[in-house]
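Chemist: One structure, as structure tokens, below. Some questions next.
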Amino acid sequence: MNLHPERACRSTLQHIRVEDRFGYDRDAQATGIVHFGIGAFHRAHQAWYTDRAMDAGDSDWMILGVSLRSAGVSLEMNPQDGLYTVTERSGTSMKSRLVGAVRDVLLAAGESDRLIRQLASPQTRIVTFTVTEKGYCQTQEGTLDFALADATSFYPYLTAAMRIRHATGGEGLTLLSCDNLSHNGRQLKRLMRQYLEARAPDLLAWFDNECRCPSTMVDRIVPASTDTDKVELADRIGVEDRAAVFTEPFSQWVIEDDFASGRPRWENVGAQLVADVSSFETAKLRMLNGAHSALAYLGLRAGHEYVHEAIDDPNLRPIVERLMRDEAAPTICASPGQDLAAYASSLLDRFANSALKHRLIQIAMDGSQKIPQRWLATLEANRELDRPCPSLIASLKAWFDHLRGQNGKVEDPLSERLTELAKDSSNTALALSLFGSRGLLAGTWNISDDEVRHRLGDASDSPTIARIS
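Heads up, the sequence shown is in full-length UniProt numbering, so the first residue is 1 and it goes up one at a time.
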């Protein structure tokens, strides 16, 4: 793709026409953060916060990005010396910032020695993650899949670096998960300990004593960038930016303030440092992410392509609003000052932002990894109180239709098994195959086979649910 004669990089820095840009000396900053999974979300969120924190006077927090599977991002960013733009879009307004916080990007498999050296370096104090739910290599039972962890994940690199830090008397690391996992810090610590117990038990005590795994809640809608987006951006800013990301004006980052050895002053640029992120995390997972997945499957089934089209559908908006206000919000114990009704209203406004062009099929990916956190916890909480959840049941049935191929190829780590189970299956049979006592996703929802039949099977199409779905 050739969008413009010149490309964003160090040599064209002064020619880039943006509304905002970093002002610090990148060469004078040490690399203090290693980030696994440097996709669009990280560039629009954690790197964007870090960039502005360094602009506000923080130093030595440059980021080394790590791709675990594909060289795509390194090919986008390294020829640009790590530079890229974040463009906020809403309605007809557009504002771009040139971000300088990323030093460069490496592919883990091909540059493992360099990666381990940087992780072991005293300059590195924080390791952050946006590897998606599947990147943590959990089995359906929630334990670590060691074969997968050894072959494709961050665990071996961290273990090698921890061994060096331990042997040289180095400080512990802060491992900061920014993925949509319930209690993501706790989960990362549990899985890291499982890996160390099996592969490096002599490091366990050092890890427990010296390292920290705070939980976080991240919130910003970042659609996949298109070639059209990048062509229009090149015309506006005067250079080609192949690593450009496009997002909404809203952003939120809530972080448990528990670090091993220092951190950027992210709170100076809008992040919230708190003692407990649980209520913020639960609201995000059950309200925003839960509604997003519902819109994805219901919207695709209704023939829509984008989130804003689905939320503007008068048949779908009431389902999503009920999901957030009547099914998810009552299950959340809000923190002081956390207004869940206002949060729901703001989400509806954000979903309606037609400038984002957020594709439903992108949200529909990896449903088997997302649905347990986004929907099943809400269903379980309401089941215990004997409250119905017609919107979530309707959404689950739309997911069933998705697995039957109604929206094209199913993109999911378990796609082969899911599509085979869904083929020629009734809702009852598929529900049991997924959530029953011997189902593929058994254990993700505490529900008996009889309840599966009653709540998710064909017989559960009561007039109310049929009308909503």
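Each residue gets a CB set at the ideal place from its N, CA and C atoms; glycine is no exception.
1. Would you kindly work out how many angstroms separate the C-alpha atoms of S462 and S391, rounded to a whole number?
2. Can you have a look at C178 and say buried or exposed, based on whether 16 or more other CB atoms are within 10 angstroms of its CB?
3. Extract the residue ranges of the alpha helix (DSSP H) inside the segment 208-246, only unbroken runs of 4 or more that lie entirely within it.
4. Assuming contact is defined by CB atoms lying nearer than 8 angstroms, are T247 and V18 in contact in what I supplied?
5. Hey, quick one: how far does the alpha helix (DSSP H) through E416 stretch, first residue to last?
6. So if DSSP puts S67 in a beta bridge, which residue, or which two residues, is it bridged to?
7. In the structure shown, what three-state DSSP assignment does S279 receive?
8. Below 8 angstroms between beta carbons: does that hold for T216 and L176?
9. Given a cut-off of 8 angstroms on the beta-carbon distance, is the pair Q140 and G443 in contact?
10. State the DSSP-derived secondary structure class of W253, mapped to helix, strand or coil.
11. Where do the ends of the alpha helix (DSSP H) carrying Q140 lie?
12. Going by C-alpha to C-alpha distance, which of L441, H454 and R317 sits closest to S368?
13. Quick one: using the 10 Å Cβ neighbour count with 16 as the cut-off for buried, is F154 buried or exposed?
14. Would you grab the beta carbon distance between H308 and A352 for me? Rounded to a whole angstrom, and I think it's under 8 angstroms.
15. Beta-carbon within less than 8 angstroms of L148's beta-carbon, same chain only, minus the 5 sequence neighbours each way: which residues are those?
16. Hey, out of F250, V254 and S225, whose CA is closest to D241's CA?
17. If you run the structure through DSSP and keep just helix, strand and coil, what is M62?
18. Does DSSP classify D339 as helix, strand or coil?
19. Smallest Cα separation from V269: which of I126, D229 and G57?
20. For P372, which option in L356, D386, Q29 and S395 has the closest C-alpha, if you only look at C-alpha atoms?
21. Could you please give the first and the last residue of the uninterrupted alpha helix (DSSP H) stretch that includes E197?
22. Report the three-state DSSP secondary structure of D81 (helix, strand or coil).
23. Using the Cα positions of I465 and I393, report the straight-line distance between them to the nearest angstrom.
Modeler: Straight from the coordinates:
1. Here residue 462 corresponds to residue number 462 of the sequence shown, with the count starting at 1. Here residue 391 corresponds to residue number 391 of the sequence shown, with the count starting at 1. Residue placement at S462 cannot be trusted, given a pLDDT of 36 that sits under 50; what the coordinates show is reported in the next sentence. Straight-line Cα distance between these residues: approximately 13 angstroms.
2. Within the sequence shown, numbered from 1, the residue matching residue 178 stands at position 178. By the neighbour-count rule (16 or more Cβ atoms within 10 Å), C178 is buried.
3. 227-237
4. Taking the sequence shown and counting its residues from 1, one reaches residue 247 at position 247. Taking the sequence shown and counting its residues from 1, one reaches residue 18 at position 18. Not closer than 8 angstroms, so no.
5. Taking the first residue of the sequence shown as 1, we reach residue 416 at position 416. That run of the alpha helix (DSSP H) goes S415 to A422.
6. What you label residue 67 is simply residue 67 of the sequence shown in a count that begins at 1. S67 is bridged to L107.
7. Taking the sequence shown and counting its residues from 1, the one referred to as residue 279 is at position 279. Helix at S279.
8. Here residue 216 refers to the residue found at position 216 when the sequence shown is read from its first residue. Here residue 176 refers to the residue found at position 176 when the sequence shown is read from its first residue. The answer is yes: Cβ separation under 8 angstroms.
9. In the sequence shown, counting from the first residue as 1, residue 140 sits at position 140. In the sequence shown, counting from the first residue as 1, residue 443 sits at position 443. Contact: yes.
10. One-based indexing of the sequence shown puts residue 253 at position 253. Residue state, collapsed to three classes: strand.
11. Counting from 1 along the sequence shown, the entry for residue 140 is found at position 140. Here Q140 belongs to no alpha helix (DSSP H), and DSSP marks it neither H nor E.
12. Taking the sequence shown and counting its residues from 1, the one referred to as residue 368 is at position 368. Among L441, H454 and R317, the Cα nearest to that of S368 belongs to L441.
13. Locating residue 154 in the sequence shown gives position 154, where the first residue counts as 1. Buried is the call here.
14. As a first step, residue 308 must be located in the sequence shown, where it is residue number 308. As a first step, residue 352 must be located in the sequence shown, where it is residue number 352. Indeed, because the Cβ distance is near 5 angstroms, the residues count as touching under 8 angstroms.
15. The residue given as residue 148 occupies position 148 in the sequence shown. Closer than 8 angstroms at the Cβ level, and outside the excluded window around L148, lie C137.
16. If you number the sequence shown from 1, residue 241 lands on position 241. Selected option, being the one with the closest Cα: S225.
17. By 1-based counting over the sequence shown, the position of residue 62 is 62. Strand, per DSSP.
18. Within the sequence shown, the letter at position 339 stands for residue 339. Looking at D339 - three-state DSSP - the assignment turns out to be coil, as it is neither helix nor strand.
19. Position 269 of the sequence shown, counted from the first residue, corresponds to residue 269. The option with the nearest alpha carbon to V269 is G57.
20. Residue numbering aside, residue 372 sits at position 372 when the sequence shown is read from its first letter. Here the closest residue by C-alpha is S395.
21. The residue you call residue 197 lines up with position 197 of the sequence shown. N184 to R199 is the span of the alpha helix (DSSP H), which, as asked, contains E197.
22. Position 81 of the sequence shown, counted from the first residue, corresponds to residue 81. Coil at D81, not helix or strand.
23. One-based indexing of the sequence shown puts residue 465 at position 465. One-based indexing of the sequence shown puts residue 393 at position 393. Low per-residue confidence applies at I465: pLDDT is 33, beneath 50, and the placement is therefore not dependable enough to give any value.
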